[in-house]
Structure formats: structure tokens, C-alpha cells
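Engineer: Numbering (mature numbering (1 follows the signal peptide of the UniProt record, and there is no 0)), first residue to last: -22 to -1, 1 to 828.
#1: Say the cut is 7 Å; is the CB of residue 127 nearer than that to a heavy atom of the ligand FMN?
#2: Does the count of Cβ pairs from the stretch 488 to 498 and the stretch 564 to 583 closer than 8 Å reach three?
#3: Pick helix, strand or coil for residue 846, following the three-state DSSP scheme.
#4: Since residue 353 sits in a beta bridge, which residues does DSSP pair it with?
#5: When the Cα of residue 108 is compared with those of 51, 320, 711, which residue comes out closest?
#6: DSSP state of residue 456, grouped into three classes?
#7: On a CA-only basis, which of 104, 110, 130, 98 is nearest residue 120? Give me that one, please.
#8: Can you say whether residue 214 is buried or exposed, counting buried as having 16 or more other CB atoms within 10 angstroms of its CB?
#9: Using 10 angstroms around the beta-carbon of residue 544, count the other beta-carbons present and answer buried if the total reaches 16, otherwise exposed.
#10: What's the gap between the Cα of residue 604 and the Cα of residue 588?
#11: With a threshold of 8 Å, are at least 3 pairs of Cβ atoms found where one atom belongs to the stretch 233 to 240 and the other to the stretch 357 to 367?
#12: First and last residue of the beta strand (DSSP E) that includes residue 41?
#13: For residue 843, which of 564, 568, 14, 557 has the nearest alpha-carbon?
#14: Between residue -11 and residue 450, what straight-line distance do the alpha-carbon atoms span, to the nearest angstrom?
#15: Between 536, 512, 470, which has its C-alpha nearest residue 590's C-alpha?
#16: Are three or more beta carbon pairs between the stretch 271 to 288 and the stretch 317 to 328 nearer than 8 Å?
#17: Give me the residue from 216, 176, 714, 385 with the minimum Cα distance to residue 168.
#18: By Cβ distance below 6 Å, which residues in the same chain neighbour residue 130 in space, the five residues on each side in sequence not counted?
#19: Assess contact between the stretch 341 to 348 and the stretch 361 to 378, defined as three or more Cβ pairs (one per stretch) separated by less than 8 Å. Is contact present?
#20: Taking 8 Å as the cut-off, does the stretch 132 to 141 touch the stretch 173 to 189 (at least 3 CB pairs, one atom from each stretch)?
#21: Taking 8 Å as the limit between beta carbons, can you name the residues of its chain near residue 181, skipping five residues before and five after?
#22: For residue 830 and residue 592, I'd like the C-alpha separation in whole angstroms.
#23: Report buried or exposed for residue 403, applying the criterion of at least 16 other Cβ atoms within 10 angstroms of its Cβ.
#24: According to DSSP, what are the bridge partners of residue 260?
#25: Whose CA, out of 566, 586, 554, lies closest to the CA of residue 602?
#26: Determine contact between the stretch 500 to 516 and the stretch 472 to 492, defined as no fewer than three beta-carbon pairs at a distance below 8 Å.
#27: So, with DSSP's three-state summary, where would you put residue 829?
#28: Do the CB positions of residue 272 and residue 291 come within less than 8 Å of each other?
#29: According to the neighbour-count rule (16 or more other Cβ atoms, all chains shown, within 10 Å of its Cβ), is residue 414 buried or exposed?
#30: Going by the beta-carbon positions, is the gap between residue 446 and residue 436 smaller than 8 Å?
#31: Taking residue 31 as the reference, which of 65, 58, 90 has the closest Cα?
#32: Whose C-beta lies closer than 6 Å to the C-beta of residue 264 among residues of the same chain, with five residues either side of it excluded?
#33: Mind checking residue 354: buried by the 16 CB within 10 Å criterion, or exposed?
#34: Helix, strand or coil for residue 339 per DSSP?
#35: Hey, out of 481, 564, 245, 66, whose CA is closest to residue 372's CA?
#36: Please state the DSSP three-state secondary structure of residue 697.
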């Protein structure tokens, strides 16, 4: 069963009834089904009131006004045999070897044309609309649908014929733009590693005085053939073919004779910074095709720059490049990266790449099959135009840092002053939707909406008169194009500068402007941001007590509190005040997404907090009180009587303090206060703040963030306990080592001492074995020095002592007979007393061995 989610701007919640949703315009609806993913193919059918969704191995038909209502569903799976064949080709059976719906178009009034990857064997079929069943033809067709689910592609259905930009083989090495059997050449000047983005038809034949043909435009990125660098330089392109193209008779048989392409320019003129990757295009069509404008979302090939731009182009400029521009030709130059130059020779007639028009018909050329070979050969060798397509205004309409725009749709809205405004809806790779509009050549982002809570990329974006529809890997979202009801005051409604919204003094609300409301003179709207007429209106509402409610919070010391501030306008800045004093962002107070986070609460944090918005519009500064809170920090436990000298001074922002006060008998004028302070270093406060902000940024509630604080406290307590345990353990080891060194402990410790004193070498045995090996070595040396004397047995131990290897001292007991004999043989003849030279030498050797 479908999983339904309803959401406001930020929070998705379950279980709302359909009638409740219909009464609240500001809610979003999300459709998804358990076990189904990749909702990336969407098709709007306004005349049927349907939204068709192509996902992985399933196709849905949803109610266009309320997508939570599923009308139809049909599965289209891959057989086990085809999955095994796909797996044997090195693909993943669990993911790649399934059927991803990639093409979904209305073929006629009775059926849809659908295609899927079908385990790397692209297959197409027809889907009857009435009973929503596949006809089961399952035709394996190449050149219409991609093999790989991850490949970029584009397609458009024009008068029952499918135009596609995709690849023609399993390896993806044959990119083509095709219609039936007609396709592009497999030549690098035609298509060089393209990544297709978008395609659509422009009806240029309607009321055309030149008798021109309709044209299908393709947008893609490709490796530039006109330049050659160490790396692959990519270039955004626009290409076109003519609807009536039938290929050539001898040259370019079953090939496009009207294929031409040009580069799109989207750059910052002041810095000459170029956005050379186009991600999506939306064509804003008008009755007169020459007034048609298309918008493109661009980024840089070097994504580490983190900038996105939106550029607008005139379709008439595109036509001038293709019909009047210069061609390029390949040329070989040594020591130059330029490989293509302008063609300066004579251009054959009819003009290469042009559609059939009145000029061609006057030469009795009514079809591309009648074109001369000279013209066709020229098109084959010169598909690239030299002149670029420059943007309107010679620069972007919108530039945004630290975002990656992926999808765009545009709506043309008529305001109350009868002006037309293009409203841009741009989606990012993190599930955000930006709503932007241009005022006085300045682009403003009206609002930002989180479409998907998991920050997943928006893969598809569609627009109708009332709603936006966004597809991602997890589901489909339906969003109203305006959230006027969130503006609670006249000032907020006007300063939002949303052409969809206007303030209604009669209902004291910000309403959605309909076509019938244009004649209502009571509605207030000013896209220039002049909110002066709202001063009296908001004053009347305030005096009526509508905005005087002040929430009160009672907190315990030592914790933290988040105070929210809901901004109605993204163009305003936030200023927080505490008891009429402005607050600065620091260790004590943190400003996070316009909300105020108060850390390490203490009694002195009690008071009134206010959130003010400041906005400058045309030199006028507008200040507006948005939120007001009353915060009271009370002691955690009952008061404890203590001498005043036990008080500690609190370090603000760096301590957690618990206070308790008592008034003895209720008569004392100065209560005795005991403060229990646990000092926290600045690094600890910063780490704790980072943990709380991270918890809040992931969408966790305040209780979860409070859990982070409690966990941090517990972790701090555990850290202190561990610290003391480590200190006691170290003291114990020090005492143990000292007593062992001083020989106050048994023999087992003395053996350990021997290893410590003896350069850290671990004894292989007890002292007796070490002494035995030492005597064996010294016996050879002594006997070699005194060959005439009595030799010492090799196995003789020489002497016995306590097991204190490495001590270097002999016990004060009588020496064994063997040692006396050695001393007699090695006496030093002098007036000084006798010295046990060799015994000391043996002791030193024993110490070194140990």
C-alpha cells in the first residue's frame, strides 16, 4: 500500500485526511510505495488530470491535484533468464539488471509509449490508458532508451514520432540523436562523448512568413572538439534538427541533413569566469516563437568552486546563429591547442543545415532528399557553428555559492500591477527548492523549501498551474507554487515580493492572487518592497492583541534552550535581543538557522528574548518583531543553607552552575546563596555546542538535542571517573616499582627488577642459568690468559648469591673454595689491599647479560 506523507515547509508527518489537506494549501504531499525506488520519469497530462510516474519496474497513474491518490498501477518486470544474461555481462543482478522506466510519453488519446532499460536490453511497449495495461509487444529497440540506468538521456514525442538522444550500443560508445532510422553520424565533430540533458520542439512553422519548418532542439555537454588540452574540456551545446528532415539521397543516407550545433555561453563578464556544464533546461514558450526564452542551470566543470548559475537565452538569438552564423572547420596547427578555425570559403546553396523553406522551394527543392551532394557534404564536414549563443544581459540571472543546482522550471506570473514576472524554481542535489524572481535586474530568492528530508537529489521537476512535482529516488513530492498563508502580517506579505501573494485587509490574511482578483482594488501588493502602507495595518492588528502572545518557558540550570524564529522573508536579517540588548554569536549564544541557542543556562539567563528582522528596501529600513519569549531559569533542587564564603564566581559561557537560595523564615532581606560550579574548558563547550548543532541540523527535535546534552554530561562524568582511576593506577605502579627497586618485595619482584635495571631485557631464565652461561664464557678467557695455571671447569658456577640479577654486589658470606683459588691466582702485587678484580669483572658481565 502506498505510503503517504504530508508536510509543511520543513516537517513531514503522517496520517492527515484528504479533506484536511484540501483545506490547507501550505501542505506538501509525498507519494511512494514500499519496495519501489527511482521515481525519475514524470509525465503531466492536464487534460486527463493525471500524473504518470515511471519508477523501477512499475508505472503509476496519480491524481494530478492530489498525488497521494493512486488511480492505476502496472508492473513491468524482467524475466529471470534476462537477469542472468545481464549478470553474465558483468552487471549487478540486484540493481542494474532490472527495468528502469526511462521514456514515458503520450502517443495518442488511447495509449502511452513507454520504454525501459530492461536489464541492459532497452525495450519499448504501449500502455493503454483506459485499463492501464501493457500490450505486451516488448520490442527491443536501440537508440531510443539508454542501456545503463545511470546514463544521461533525453527524449520528446512530436506528432507521434520519438526524438531521442542516447547511445546505440551496450558499451555506450555510440552516442546518437535519432528519430526512427534517421540518426547522427558516428563522427567526433558531430557528437564527442555527449551527456544529454534536455530536448523539446519549437513550432516555428505556425504563421511563419518564410515557410520554415518546426525544429527540435537538444541540449547536452560534450568534450570540446575545437580545443585540445591535457584534460578533457567540456562544452555546453545546443543542437537542432528539422522535423521534416528525411536524410539525403546519396550523401548522408538515413542521416540528418539539418544537424547543426553551437556552444552556449554562461559566464561572469567582470571576472570572465565560465560555467561550462549545463544540468537542465526549461523552455518558456510563447505564442510567438521568436519571443520564446529558455533558462539553463549551469555549474563549472571544476566542481570544487561550489558555484551555480542560471542563464536565460532568446530563441531568436539561437536561430540567428544557425541561419546566419559562420561555420567552423578542422585544421592542423603545430604547437597550438586550437584544432578548429572559422571557415572562410564559399558556402554552398541552399544553406547547409537549413530546413525546407520558401527559398529552397523556389529552387524546386521540396525535400532533403533533393538537396545537392555539395550541400550535404558540407554539412557532414561542418556541423559546428563558430558563433556562440550569448545569454540575455550578457551574464547570469542568478548566481549562488555553495549550492549545486540540478533542475529548473519557470512560471510567468502576472502581478496586480499587470506586469509579467518570470518566477524560477530551482532544485538542488540536496533536495532543496529555491524560488527566485528578478526585480530591477537583481535576482532575489523568495523562499527555500526542503522537498526531501534525507537531502537526496531532485532528479525531475515539473510544473503546472498550481503545483510543482519533484521526483527523486525515494518518491514524488507535490508542492504548491506559493505559500502565501505563512505571511502573518501585511509587512511580511509585501516584503516577500512574491507575485503570487497579496494582502487582503478584509480577511487580515495574505492570499493567493487569482486571475479574478486583478480587479480587486483592496488587495495590497508591491513587488518593489514598499511596505509603508502596512504600518497602520499591522499597528491595528497589534493593538487588537493578535501578536502579543509571549510563550513562557521554565528551564533548569545547566542545560540549553533553543528559541525559534520563523522568518517570512529570506531577504531579511535576524537580530536577537535579550532584555532589549542585542546578542552576539559566541560561546554562550549561538545563532543557528536564525534560531537562538542558549548554552549552559543559569539564573542570569532569565528574561525576555525577542527576534527582530531587519530589511533594507530602496533605502528604507524595515524592522519587525517576529517572536518574543519569556525564559525563567529555576534551581534544580531545594535551597541549601551555607556560609556566604562558600560561593564561587561563575565564569559566563564556560561553566555549568546550580544555584539554590533560601530566605530563612521568610524574613531575611539577603538570602544566602550556595553555588555549585563545575568549570568546563572552552574546548569542551565548543565540542558540546558542535554536537548540539549537529543534532539539530540532522532534523532532530529539541528533545533529541537535550539528549545530546545529557549524553555529553554523562560522558564528562565518565571521563572524570576514568581520569581518577588512571591516576590511582599510575600511583600504584610507581609505589610498586619503588618497593621492588629497594628490594622490599619478595624474590619474584626482584626478578622483574633485574629486567628493569638491566636495560629492559627480559631474562630468559633465573639468575642461576645466567650465571652458568657467564662462567662458561669467562672460563675460556681466564684459561687463555693463564695457560700454565689450573683450568676452571666449564660448568662451574663460580659463586652463589641471591637471585638479584644485575645487583652488582656480592653477599657478605664466606667465598666458596673455587673462588678463593681464582683469587689466589690473580692477586695484584702491590702495597694496597687485595681487590677482587676478576670477581667484579664477572659481576659486571652478569649485569650486562641481565
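Where is the CB? At the ideal position from N, CA and C, for every residue including glycine.
Predicted model, so just to flag it, every value in this text is computed and none were measured.
Structural biologist: Result, derived from the coordinates:
#1: This structure does not include the ligand FMN; it has no bound ligands of any sort.
#2: no
#3: Any answer about residue 846 is impossible in this case: the structure gives the chain only from -22 up to 828.
#4: Bridge partners of residue 353: none, in fact.
#5: 51
#6: strand
#7: 98
#8: buried
#9: exposed
#10: 8 Å
#11: yes
#12: 36 to 41
#13: The chain is shown only over -22 to 828; residue 843 falls outside these bounds and no answer can be derived.
#14: Interpretation of residue -11 is limited by its pLDDT of 32, a score under 50 that renders its predicted location unreliable; the figure taken from the coordinates is listed afterwards. In a straight line, the C-alpha of residue -11 is about 16 Å away from that of residue 450.
#15: 470
#16: no
#17: 216
#18: 173, 174
#19: no
#20: yes
#21: 192, 267
#22: Residue 830 lies beyond the residue range present for the chain, which begins at -22 and ends at 828; the question has no answer from this structure.
#23: buried
#24: 273
#25: 554
#26: yes
#27: The structure shown does not extend to residue 829, since the chain spans only -22 to 828, so no value can be given for it.
#28: yes
#29: buried
#30: no
#31: 90
#32: 270
#33: buried
#34: helix
#35: 245
#36: helix
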